[in-house]
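Number of protein chains: 2
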Amino acid sequence: MADEPRLSHTSALILQALDTGHLYGYTVMEVTGLPSGTIYPALRRLERDRFIQSRWERLSVADAALRPPRKYYQLTQSGEAVLEAARKRYPLLAKLTPTKEVPDR
Amino acid sequence: MADEPRLSHTSALILQALDTGHLYGYTVMEVTGLPSGTIYPALRRLERDRFIQSRWERLSVADAALRPPRKYYQLTQSGEAVLEAARKRYPLLAKLTPTKEVPDR
DNA sequence: TATATCTATGTAGATCTCTACATGCAAGCG
DNA sequence: CGCTTGCATGTAGAGATCTACATAGATATA
Chain A
218 MADEPRLSHT SALILQALDT GHLYGYTVME VTGLPSGTIY PALRRLERDR FIQSRWERLS
278 VADAALRPPR KYYQLTQSGE AVLEAARKRY PLLAKLTPTK EVPDR
Chain X
218 MADEPRLSHT SALILQALDT GHLYGYTVME VTGLPSGTIY PALRRLERDR FIQSRWERLS
278 VADAALRPPR KYYQLTQSGE AVLEAARKRY PLLAKLTPTK EVPDR
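So, in structure tokens, the structure goes:
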């Protein structure tokens, strides 16, 4: 069973946001309403603790999209596990972030 | 002889800034005092006109330096030529930006 | 001269990442 | 119990990139 150190509410919320789509820091800010100064340090800690893993977007993609490059985050297995545990502890968590829907019905 | 279309003063200043070191947009902003909304569109035009060429910094370097990635610019031969012509037309140009010095005497 | 077009600039802000430091809180230790 | 130490958070802003639109200036054309 999960003997993982429990997540803070904020960390759980960020993991939940990442898990509801293919997201990056700026979108997590928008979805959660938390300021960048909360989000980015938290992402660093989550990555340091191996709950998430980051990869930079291809620079050619950013160029083509006419914006600065993004850093995308993925949950690791350990991250999935700890999020699942957090969802059980906070039943409302799953409703806090809108699941990224498929465009077009 | 230079039958090049003449540079605007701003464009010449930006080329001059780039030529005084290994620079990127943000530094050009600082050195020239011009706002980002002037600098970045101008850089795009200069690149479109083949006076400069851009290359993204390695992402691993940006990560190691704990900051967002930079886009570096280099003058092309054509850019050097047009800058040289501009320096003759505007003798003060060369004094407007400090040459990036070698650190340590 | 009047009009049309084209380009550069200015204004205003969006997009995206990151830190340094202060505070607050919890855990361990004497 | 009081102290230290360590971690998470909040505050405040820096570091970088980029755009869309309005206006102004230059050039061409009728």
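Those sequence lines, one after another, are chains A and X. The first sequence begins at 218 in the working numbering and counts up one residue at a time. The second sequence begins at 218 in the working numbering and counts up one residue at a time. Don't be surprised by glycine CBs; every beta carbon is placed ideally from N, CA and C.
Taking all protein chains in view, the Cβ of P308 (chain A) is surrounded by fewer than 16 other Cβ atoms within 10 Å, so the residue is classified as exposed. At least 8 Å separates the CB of P252 (chain A) from every CB of chain X. Between R272 (chain X) and Y289 (chain X), the beta carbon gap of about 6 Å places them in contact (Cβ cut-off 8 Å).
Assigned with DSSP and collapsed to three states, Y307 (chain A) falls in coil, not helix or strand. In terms of beta-carbon proximity, P285 (chain A) lines the interface with chain X, with at least one pair separated by less than 8 Å.
W273 and L276: these are the residues of the region 263 to 277 of chain X whose beta carbon lies less than 8 Å from some beta carbon of chain A, given in chain order.
Using a Cβ distance threshold of 8 Å, V248 (chain X) and A234 (chain X) count as a contacting pair. A Cβ-Cβ contact shorter than 8 Å links I269 (chain X) with L292 (chain X).
Burial state of D236 (chain X) is buried, judged by a 10 Å Cβ sphere holding 16 or more other Cβ atoms. For Y257 (chain A), the enclosing alpha helix (DSSP H) stretches over residues S253 to R265.
Between S295 (chain X) and A281 (chain X), the alpha-carbon positions lie close to 34 Å from each other.
By the neighbour-count definition (other C-beta atoms within 10 Å, threshold 16), L240 (chain A) is a buried residue.
Around the C-beta of G242 (chain A), 16 or more other C-beta atoms lie within 10 Å, and the residue is accordingly described as buried.
Rounded to the nearest whole angstrom, the CA to CA distance from G238 (chain X) to T244 (chain X) is 10 Å. Counting along the chain, no beta strand (DSSP E) covers S225 (chain A), and no H or E run does either. Using a 10 angstroms sphere on the CB of L260 (chain A), the tally of other CB atoms reaches 16 or more, which defines it as buried. By the Cβ neighbour-count rule, V278 (chain X) is exposed, with fewer than 16 other Cβ atoms within 10 Å of its own. Per DSSP, Y243 (chain A) has no beta bridge partner at all.
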